[in-house]
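**Q** Before we start, here is the structure in question, set down as structure tokens.
Residue numbers (this note's numbering): 3 to 336.
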């Protein structure tokens, strides 16, 4: 059984945590960091300090090349920290003692949440730890776009332009903060965020995606990939943008209707698409839209030393807090 079952009532939870506490006296908890794309050494050192200070064992599986290596390594782990690594039913089947998996980062679509729930495993992310890194990249991509990708021709400035933030979460709020420093006029749409929170950040709330795209010169995407959002950024929506519009995507490639966007960019030669997530149809985009399309070779949003350290250490702290106190604040499965 997991150390802490999130199906229990609150009194039962406390009893479970108290009863299971004694297990730690005879069983040293093992935390596995499994990262095909490793953390920086300073991040690993920070994770180790958190884990070992709690009296737990830390194990590392870095730069693995075969899924079987992950299946073998997770077999005796009580807790798991990952980055973009896939945790599916096969991994959870192999992880007989696993109680918690934490994705060091905001996105968690690489974890099979239903399988985690059915295995009694708590899944968490570390929201906010890489938000500034992603936001800075988004603004960098905007500058790159309006300056014609630094091709030597005369571009335009961000100052005075209307920026639309599609989803006003941790990253969106940081984008707003930085964009205001550029002198941009900032709008946001988020069906789950109250107007008051946007107004408090000096952001103008709008109440539909259509209104956001119709209003703004540049739209920055920060929506997750869900059943509701996949392929939602489509021909008709982006076509609402004013002449010279720029769409910036540092969210997920799955939210883009690629064929619809390709059709629109063929119809409207004034639009640009700049992304941190290479589309499936990257070759087609590059061939058809030279000078109006750019994708980073790999997802770069969280690729800073600071974000790497912050997310890894946050994941370790959340694991310790969960095991010791039953804290499920950042749980993403139910």
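No residue lacks a Cβ here, since even glycine has one placed at the ideal position from N, Cα and C.
May I have a chain-ordered list of the alpha helix (DSSP H) segments no shorter than 4 residues that lie completely inside the segment 200 to 245?
**A** Here the runs fully enclosed are 211 to 217 and 237 to 240.
**Q** Tell me residue 273's beta-bridge partners as DSSP assigns them.
**A** In DSSP, residue 273 forms no bridge with anything.
**Q** Distance, Cα to Cα, residue 265 vs residue 211?
**A** Spanning the two alpha carbons is a distance of roughly 20 Å.
**Q** Where DSSP assigns a beta bridge to residue 191, which residues make up the other side?
**A** Per DSSP, 168.
**Q** Go ahead and label residue 263 buried or exposed: buried means 16 or more other beta carbons lie within 10 angstroms of its beta carbon, across all protein chains shown.
**A** Burial call: buried.
**Q** Can you have a look at residue 21 and say buried or exposed, based on whether 16 or more other CB atoms are within 10 angstroms of its CB?
**A** Because the pLDDT at residue 21 is just 47, under 50, the model does not fix this residue reliably, and the value given afterwards should be weighed accordingly. Flag for residue 21 reads exposed.
**Q** When the Cα atoms are used, what is the spatial distance from residue 48 to residue 279?
**A** So the alpha carbons of these two residues sit roughly 29 Å apart.
**Q** With 16 other CB atoms within 10 Å as the buried threshold, where does residue 191 fall?
**A** Residue 191 comes out buried.
**Q** Give the straight-line distance between the Cα atoms of residue 169 and residue 45, rounded to the nearest whole angstrom.
**A** Whole-angstrom Cα-Cα distance: 29 Å.
**Q** Could you spell out where the alpha helix (DSSP H) holding residue 296 opens and where it closes?
**A** That residue, residue 296, is in no alpha helix (DSSP H); its beta strand (DSSP E) goes 295 to 297.
**Q** Pair every Cβ in the segment 143 to 163 with every Cβ in the segment 197 to 215, then say whether three or more of these pairs are closer than 8 Å.
**A** Taking 8 Å as the limit for Cβ pairs, the verdict is that the segment 197 to 215 does not touch the segment 143 to 163.
**Q** In whole angstroms, what separates the C-alpha of residue 244 from that of residue 215?
**A** Their backbone Cα atoms lie some 8 Å apart in a straight line.
**Q** Would you mind sorting residue 143 into buried or exposed? The rule is 16 or more other CB atoms within 10 Å of its CB.
**A** Label assigned to residue 143: buried.
**Q** So, helix, strand or coil for residue 139, using DSSP?
**A** Note: residue 139 maps to helix in three-state DSSP.
**Q** Taking DSSP as the reference, what is the three-state secondary structure of residue 251?
**A** Strand, per DSSP.
**Q** For residue 107 and residue 329, I'd like the C-alpha separation in whole angstroms.
**A** Cα to Cα, the separation comes out at about 18 Å.
**Q** Nearest-angstrom Cα distance between residue 364 and residue 33?
**A** Since the first and last residues shown for the chain are 3 and 336, residue 364 lies out of range.
**Q** Taking only the alpha-carbon atoms, compute the straight-line gap between residue 291 and residue 225 and give it to the nearest angstrom.
**A** The straight-line gap from Cα to Cα measures roughly 25 Å.
**Q** What did DSSP end up calling residue 71 once you bin it into helix, strand or coil?
**A** Residue 71 falls in the helix class under three-state DSSP.
**Q** Cβ atoms of residue 252 and residue 139: under 9 Å apart, would you say?
**A** Going by C-beta atoms, residue 139 is nearer than 9 Å to residue 252.
**Q** Excluding sequence positions up to five away, which residues of its chain have a Cβ less than 8 Å from the Cβ of residue 61?
**A** Excluding sequence neighbours, residue 61 sits near 32, 33, 34, 35, 75 and 79.
**Q** Can you look up residue 160 in the DSSP assignment and give me helix, strand or coil?
**A** Here residue 160 sits in coil by DSSP.
**Q** Out of 82, 237, 220 and 149, which has the shortest C-alpha to C-alpha gap to residue 100?
**A** The shortest Cα separation from residue 100 among 82, 237, 220 and 149 belongs to 82.
**Q** Using a Cβ-Cβ cutoff of less than 6 Å, which residues in the same chain neighbour residue 84 once the five nearest sequence positions on both sides are dropped?
**A** The answer, listed in chain order, is 36 and 105.
**Q** Which whole-angstrom value describes the C-beta separation of residue 227 and residue 254, a residue pair presumed to lie in contact below a C-beta threshold of 8 Å?
**A** So it is a contact: roughly 4 Å between Cβ atoms.
**Q** Can you give me the C-alpha to C-alpha distance between residue 268 and residue 177, rounded to a whole angstrom?
**A** Distance between the alpha carbons of residue 268 and residue 177 is about 29 Å.
**Q** Using the three-state DSSP reduction, which class does residue 310 fall into: helix, strand or coil?
**A** If DSSP states are grouped into helix, strand and coil, residue 310 belongs with the helices.
**Q** Could you please give the first and the last residue of the uninterrupted alpha helix (DSSP H) stretch that includes residue 258?
**A** Residue 258 -> no alpha helix (DSSP H), and no H or E assigned at all.
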